[in-house]
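Remarks on the structure that follows.
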Amino acid sequence: MSAQVFHNTPSVTVSDNRGLPVRHITFHRHPDTPLAGQARITRESRDARGFLRSSGDPRLHDKGLSNFIHTTDLQGNDLRRQSVDAGTTLALTDTAGRPLFEVSNIGGDEALTLDDRAQAVNRTFEYEPPAQAGRLIAIKEQIAAAPARITERVLYANNSETHKNRNVAGLPASRYDTAGLETLDNAALTGAVLSLSRRLLKDGENADTVADWQGRDSTAWETLLAPDTYTTLSETDATGVALGSIDAAGHRQHLRYNVAGQLAQSWLTVKGGAAQAIVKSVSYSAAGQKMRELHGNGVVTTYAYQPRTQRLVAIRSERLAARAKVLQELRYLYDPVGNVLNISDAAQHARFWHNQKLLPERLYRYDSLYQLVWAKGREMAGRGMQGVTLPPATVPIPTDSSAYTGYERSYHYDNAGNLTRIRHSPAVGDGYTLDLTVSDSSNRAVISALTEDPALVNGLFLPGGQQCVLQPGQTLRWTPRQTLLQVTPIRREEGVDDAESYRYTRDNQRISKVSVHSNASSQRTRRTLYLEGLELHATTSDDKPVENLQVITVGQPGRAQVRVLHWTWGKPEGVVNDQARYSFDDLLGSSALELDEHGQVISQEEYFPYGGTAVWATRSEVEASYKTLRYSGKEQDASGLYYYGYRYYQHWAGRWLSADPAGTVDGLNLYRMVRNNPVSGYDNDGFMWRAAASGTAAVGMLAYEGYKQSQTRAEPVQSSTNTFGNQRIHEFNKAQTKRQNERTVLGQVKENLSGRGEVAKNLLAKGELPAHESLVRHKEDLSALAEFSQTGSIDELNKTKLTKAYASDVANNIPVSITQAVKGFRTVASVTPEGMNELKEAADKMMETTKSTVRVGASVGLAGNAVLMAAKVAIPGAAIPITVAQAVWAGTSVGKTVNQVNATVKEHIEDSPFSHETRKEALTQIKEINALNRPKLLGGNKDFFKK
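Numbering (the working numbering), first residue to last: 1 to 947.
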């Protein structure tokens, strides 16, 4: 890839006289025209108080439109937010800052139509009286003139001996929600859930059944529930770490960890059977990177990383037992900022067909904004145009050269990042083009088969930004909470439609799926229930049982997802019962190679960029039909849609089906998939983009960070009960989000979660966690860091000593101490499990900020990846924030740097009970190196001060 594409293409932020950003400028170049550049300007306007008033992307602003218009209260919180993509939302809080009233699903235009009002959803929150704890007790929803429904009820455990013995006193013991009833039976002293039960709505398989918990008598609600109860049990140690579980069907999982708290082994015991090893052993580097894992099927996977960036460069899976064989050997090549340029599989050989040499590799090119613009790879010969659903599998797995052919693909985007065209060119046969039509007043878009008129696109979406037509003739229904309710691929004038419907819990996570397929003589229904570690599949034909399958999902053994298929009724021929299927994933988590419990190949699959299946081969059609996890490790439904958790993804169009519920976390375009870089990034749950290869640091990542940080961040929404403790957690979450919003490449301050009792105290009192204390407290240390960042080199540090020092940190039980700090916080009676989930979310944001800081500058984590190891273990861990001084250094003198940085971090400082040997050793070395390099400063190097 030519360097000309990226030459002179900085990311520029223009600020007003208050220092607030008002312009974000990027420069676009395409590899095909590297000399032609285009400045793309994202504009923001702010009110007299400095709060964001409007923002517009380059495409819509040129038309006189804004993507977002904000009306805020005195504290800057949105009262009204108008989005051309997600519609308009209104939100009011009470005097305590708790959500009180919300209106959503309103059109994004200034003038509200009658149709807008008819679809608007009003949501009211009800709390306990002021004399009590003020906790949430009910949520009422109403669609326009329809009757109001109570969609959620919360009942709290009292102070009885029974509840105290179960450690649930004061906690939400019963939650009636949109899926049914969730009951907290038992909890540990740490707050970890030990027993959780779920009951579903009666007739919940009917998409038209809705939850309505009217009245105050819980006995009346019993009539709305199905009789079956599904209970999941968990086992933890004294610090709350999971040791095992028993799912609702009685299958047991057991985990074992090493002294650093990392997974070492895992077992599964199917009900009535013997224990079987899933992960036999795992070894890690000193940096915490997984190096080798031996799976229960006798296959060993090894990993290799770039020494400087710690990016994953190779994954090798080899069968060691009889008929030993290398089954997969993926190798990755990156550009300096971490974009994947080449993926090859050394376990496969080159093939020759039609006078062409076809290598088992994929190549990629990007524009200056790191959007994927070209790809080359291989696909099944004669595959034809990529469809919505999965193509037929090739059986058996081919060994001849005629089964595969090469292809090239090009991708085109508009100025707002909307994918507008995919051009597919196979090496043999005719190519094809998929065009997308983008609205002229928003970033909503559909495939051109639905319409070629931009003015008609918005009519194919609901006011809240949900697409309501998938393909011609295929309609989509949505819930008032903007989750997909039903897909109807075939509609019949007479008889039952083919349809697939879904139901969700209170946190919008899917709990059930019902698929109905009819023909002239019968109707086949498949029901799926999603529980913790377990999926229950029941198939009937005209109400007669056909199959009853339990899929046991084994918890995350590295890059090999493991699912065990256990039939209690109707096992098909050609597959053994209790079959363990190991899915070996690629960099994105996509299921590429599937092996059985003996290490034999079940299937192989490769993907186009953006998720379509290019290669799909299997040894058995029957076994192939039970593979459901594919691209990015997500489930593909019968409709072809991928379910990510908070959104559905249409791989053939490279777009999300609805607007981003996280807001502008990935930019002003709320439908763009992973920032148009589907090879180097992924989305874990439909919320936000993440780098697939997150190395420790690299100088080239500065450009990436500048681009990422120019995007406006989303404000976190408190989903937990509004208790005192949960509110403090939410404040911390908001503080972390604000820190993400306001950080720049030249202003990052690295923090860590160090300290025990002080952690809980600061979290509850101030909504913040202590920074890396002694390093940012001493001016002489800051001066040393600043000096080193300009005159020293990470290569000069003694990696061996640093590694030993880090080992000393681990030996001193830093992870245990951190866990104890969280434990101490969990014992606060007013913190609910949902509050702890938000705490984890905030901690994840903190860790992401830490990783971002590490990418930017010369951190000691570069020498051996100690930072990321500590980040994983100690949330985010003990690291050396060299970039604290390095960032602010630009354009300042040493003295001003020290003063500015010291002032910045002073408000976050707390004493730590730990002695971080890694920090001490690094700082000692840095000062010694500075003494040798100081002549560069004293010699009057003017260029140095110009920096």
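Beta carbons: idealized from backbone N, C-alpha and C, even for Gly.
From the listed residues T301, R308, H354 and G338, the smallest Cα separation to L330 is found for T301. L330: member of the beta strand (DSSP E) spanning K325 to Y334, first to last residue.
Between the alpha carbons of N186 and G273 lies a distance of about 27 Å. In this structure the segment 638-653 does not touch the segment 598-606; the number of beta carbon pairs closer than 8 Å is below three. Straight through space, the alpha carbons of G640 and R252 are spaced by roughly 33 Å.
Within the segment 488-523, the runs of beta strand (DSSP E) that reach at least 3 residues and sit entirely inside it are, in chain order, 498-504 and 510-518. DSSP lists A691 as the beta-bridge partner residues of G681. The alpha-carbon separation between A138 and Y370 amounts to approximately 46 Å. Our two residues, E222 and G495, have alpha carbons roughly 33 Å apart in a direct line. Distance check between V428 and each of L358, T269, S448 and F461 places L358 closest, using alpha-carbon atoms only. L268 and M385 have their alpha carbons spaced roughly 42 Å apart. Closest by C-alpha distance to D85, out of R423, S104 and A91, is S104.
A direct Cα-Cα distance of roughly 18 Å separates T229 from P172. S501 counts as buried, since at least 16 other C-beta atoms from the protein chains shown sit within 10 angstroms of its C-beta. Judged by DSSP in its simplified three-state form, Q650 adopts strand. Q310 is positioned such that its CB atom lies closer than 8 Å to that of A287. For D345, DSSP records a beta bridge to L330. Under the three-state reduction of DSSP, R135 is assigned to coil, being neither helix nor strand. When C-beta atoms of the segment 194-202 are compared with those of the segment 232-242, three or more pairs fall below 8 Å, so the two segments count as touching.
Between V601 and I447, the CB-CB gap reaches or exceeds 8 Å. By alpha-carbon distance to F584, the top candidate from A614, A499, L419 and L327 is L327. When secondary structure is reduced to three states using DSSP, P454 falls in the helix class. In this structure D542 is exposed. Its beta-carbon is surrounded by fewer than 16 other beta-carbon atoms within 10 angstroms. Taking 8 Å as the cut-off, the beta carbon of L629 is found no closer than this to the beta carbon of D247. Within its own chain, the residues whose Cβ lies closer than 8 Å to the Cβ of E635, once the five positions on either side in sequence are excluded, are T628, L629, Y642 and Y643, listed in chain order. In the DSSP annotation of this structure, K634 is not part of any beta strand (DSSP E), being labelled neither H nor E. Separation of D47 and P31 (C-alpha to C-alpha, rounded to the nearest whole angstrom) is 40 Å. Counting only the Cα atoms, E597 lies some 35 Å from A375. As the crow flies, the alpha-carbon of G533 is around 18 Å from that of A179. C-alpha of P130 to C-alpha of Q523: approximately 54 Å in a straight line. Under the three-pair Cβ rule at 8 Å, the segment 610-619 does not count as touching the segment 564-583. The distance from the Cβ of Y176 to that of R153 is about 4 Å, consistent with a contact at the 8 Å cut-off.
With respect to the C-alpha of A662, the residue from S83, V12, R18 and L65 having the closest C-alpha is S83. By the Cβ criterion, the segment 544-554 is in contact with the segment 566-576, since at least three pairs of Cβ atoms, one from each stretch, lie closer than 8 Å.
Residue state for T88 is assigned as strand, using DSSP reduced to three classes.
In chain order, P34 place their CB closer than 6 Å to the CB of Q4, counting only its own chain and leaving out the 5 sequence neighbours on each side.
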